[in-house]
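Here's the structure we're looking at; comments come further down.
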Amino acid sequence: MALGIPCVTADVGESADIVGETGIVVPVNNEKAMRKAIVGILNMSAEERSSKGESARKRVEEYYSLALMVEKYRTLYERLLH
812 MALGIPCVTA DVGESADIVG ETGIVVPVNN EKAMRKAIVG ILNMSAEERS SKGESARKRV
872 EEYYSLALMV EKYRTLYERL LH
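Those letters in the sequence shown? Residues 812 to 893, per our numbering, in order.
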């Protein structure tokens, strides 16, 4: 996602929340759905893939940037110390 590539993921852990609407989430242990999703991404037009990829990159920057993670840990540690 950080590289601007739309992702396909199984619905495990926080994967669906991380990907959001920028990729495709399939049920766990569903090989048919996984194949269909991968083929779906590959069959998108270059413009559509690029647009979804750009959305993925922006999502990473907005919710999972290093600066944001550092701030969240700093806040957590400060709260634990007080």
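Where a beta carbon is used, it is the ideal one built from N, C-alpha and C, also for glycine. Remember, it's a predicted structure, so these values are computed and weren't measured experimentally.
Please report the distance separating the alpha-carbon of residue i from that of residue j.
i      : j      : result
VAL837 : ARG885 : 34 Å
TYR874 : LYS843 : 30 Å
GLU858 : LEU892 : 49 Å
ARG870 : SER876 : 9 Å
ASN854 : GLY864 : 14 Å
VAL839 : VAL881 : 31 Å
ILE829 : SER861 : 18 Å
LEU879 : LEU887 : 12 Å
Per DSSP, what kind of secondary structure is residue i in: helix, strand or coil?
i      : result
GLY881 : For the sequence presented, residue 881 should be read as Val rather than Gly. VAL881 falls in the helix class under three-state DSSP.
VAL819 : strand
GLY824 : coil
LEU891 : helix
SER876 : coil
ALA813 : coil
Buried or exposed: which applies to residue i, given that a residue is buried once 16 or more other Cβ atoms fall within 10 Å of its Cβ?
i      : result
ALA867 : buried
ALA848 : buried
VAL819 : buried
VAL850 : exposed
GLY824 : exposed
GLY834 : buried
Entirely enclosed alpha helix (DSSP H) segments - the region 827-861, minimum 4 residues: Entirely contained in the region 827-861, the alpha helix (DSSP H) runs reaching 4 residues are, in chain order, 842-854.
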